[in-house]
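A.B. asks:
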């Protein structure tokens with residue numbers, strides 16, 4: 001089956017849903033729950049598994065078809081393939097294959113993102129049987145980081161979402177090396193890798209658990225400070241994302257403080273002063289190549305979070321912060337009159 005122009009949901013963004021497909025949604029509970037067991041004895045890379053990969057490739061091509069009958073048949077076929085042990089592995093392989101067709105890679109990345117949401121962990125609210133096997137998880141975790149360096153942003157974004165969703169369940173116990181990989185990408189000088197790693201961290205920190213934050217904050221926050229302050233190395237949008245991650249962590253630690261006294265002192269307070277000084281410096285800069293209204297808006301959100309969540313700790317910095325914040329707001333009002 002030849003791939004046609006991708007439908008709206010795929011064309012407009014790999015991180016979007018497949019709701020825009022003309023045919024009924026294919027991502028539903030399969031009618032073949034025993035299929036996983038049927039293939040569980042088949043080894044990775046066996047001829048049968050290669051046949052399954054080819055079948056998946058043909059099925060994805062069919063889903064991209066402009067012909068309703070072809071598309072509907074392909075969606076039914078995908079339900080059968082969904083419960084096989086290697087479904088997620090083959091999706092990951094197709095997603096990170098640099099020689100693959102763009103439309104197929106993009107669709108595979110979207111389906112993979114949804115597969116992780118619904119099959120990775122039985123404790124997930126979105127879980128549907130069967131759960132991904134441990135050996136399939138190992139292979140997928142090995143494959144996906146390569147996709148974070150992908151030059152195609154839509155594929156890279158979907159991979160980042162899948163990695164962050166996996167990390168929510170598997171880090172640090174089952175995927176201890178993940179953050180080392182992400183930190184290496186952040187300092188690699190590869191702009192695609194930096195963007196991919198930052199997308200993972202952005203998504204991951206939004207869903208981080210109380211038990212994970214004590215491990216996350218000491219690793220992430222110093223790196224976010226470096227990225228934010230190295231204006232000559234990182235672009236405005238990457239630096240804005242670093243501030244967003246800091247703000248998310250600050251809110252989470254504040255929530256933790258209600259039940260775990262000392263969380264803020266251990267996780268946020270050690271870096272508050274240096275971040276505050278960097279925020280003030282950023283707000284003082286005129287708009288240009290290293291600062292704009294979008295970055296300053298993220299900085300204002302961060303400052304607001306600190307003052308709101310940790311007012312006593314921020315008292316000593318208020319005399320420094322308030323004048324520059326007020327000046328920023330009045331300048332913005334002049335630029336955007338009502």
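In full-length UniProt numbering, the protein residues as written are 1 to 338. Ideal Cβ positions, reconstructed from N, Cα and C, are used throughout, including at glycine.
(1) Quick one: what does DSSP say residue 72 is sitting in, helix, strand or coil?
(2) Let's test the definition: count the other Cβ atoms within 10 Å of the Cβ of residue 219 and tell me whether it reaches 16, buried, or not, exposed.
(3) Would residue 108 and residue 118 qualify as a contact pair, given that the criterion is a beta-carbon distance under 8 Å?
(4) Considering only their Cβ atoms, is the gap separating residue 143 from residue 185 smaller than 8 Å?
(5) Which full runs of the alpha helix (DSSP H) of 4+ residues lie inside the stretch 161-207, going along the chain?
(6) Can the beta-carbon of residue 279 be found less than 8 Å from the beta-carbon of residue 299?
(7) Determine the burial state of residue 333: buried for a count of at least 16 other Cβ atoms within 10 Å of its Cβ, exposed for fewer.
(8) In angstroms with no decimal places, state the Cα-to-Cα distance between residue 318 and residue 176.
(9) On the premise that residue 295 lies in contact with residue 236, defined as a C-beta separation below 8 Å, what is that separation, rounded to the nearest angstrom?
(10) Identify which residue in 77, 246, 83 and 285 has its Cα closest to the Cα of residue 206.
(11) Distance check for residue 314 and residue 195, CA to CA, integer angstroms please.
(12) Does DSSP classify residue 235 as helix, strand or coil?
(13) For residue 239, which of 262, 137 and 199 has the nearest alpha-carbon?
(14) Less than 7 Å between C-beta atoms, sequence neighbours within five positions excluded: which residues of the same chain meet that for residue 45?
(15) Between residue 82 and residue 150, what straight-line distance do the alpha-carbon atoms span, to the nearest angstrom?
(16) Rounded to whole angstroms, what is the Cα-Cα separation between residue 217 and residue 170?
(17) So, are the CB atoms of residue 165 and residue 120 less than 8 Å apart?
(18) Is it buried or exposed, residue 267, if we count other Cβ atoms within 10 angstroms and call 16 or more buried?
(19) Report the residue ranges of all beta strand (DSSP E) runs contained in full by the UniProt domain "Importin N-terminal" (74-150); include only those spanning at least 3 residues, in chain order.
(20) Going straight from the alpha carbon of residue 172 to that of residue 320, what length do you get?
(21) Based on the DSSP secondary-structure assignment, which residues constitute the bridge partners of residue 288?
(22) I need the straight-line Cα distance from residue 286 to residue 53, nearest angstrom please.
(23) Applying the criterion that 16 or more other CB atoms from any shown protein chain within 10 Å of the CB defines a buried residue, is residue 230 buried or exposed?
(24) Output the boundary residues of the alpha helix (DSSP H) element that contains residue 230.
(25) According to DSSP, simplified to helix, strand and coil, what is residue 326?
(26) Within 10 angstroms of its Cβ, does residue 209 collect 16 or more other Cβ (buried), or is it exposed?
(27) Please classify residue 66: does DSSP put it in a helix, a strand, or coil?
(28) Can you tell me whether residue 259 is helix, strand or coil according to DSSP?
(29) Do you know offhand how far residue 272's Cα is from residue 55's?
(30) Which residues in the same chain have their Cβ closer than 6 Å to the Cβ of residue 136, if we skip the five residues on either side of it in sequence?
(31) Mark residue 304 as exposed unless 16 or more other C-beta atoms lie within 10 angstroms of its C-beta, in which case mark it buried.
C.D. replies: Put simply:
(1) helix
(2) exposed
(3) no
(4) no
(5) 178-186 and 191-207
(6) yes
(7) exposed
(8) 39 Å
(9) 5 Å
(10) 246
(11) 31 Å
(12) coil
(13) 199
(14) Here residue 45 scores only 49 on pLDDT, less than 50, and its place in the model should not be relied on; the value that follows carries that caveat. Nothing listed; no residue qualifies.
(15) 25 Å
(16) 17 Å
(17) yes
(18) buried
(19) none
(20) 39 Å
(21) 291
(22) 54 Å
(23) exposed
(24) It is not in any alpha helix (DSSP H) - residue 230 carries neither H nor E in the DSSP assignment.
(25) helix
(26) exposed
(27) coil
(28) coil
(29) 53 Å
(30) 85, 88 and 89
(31) exposed
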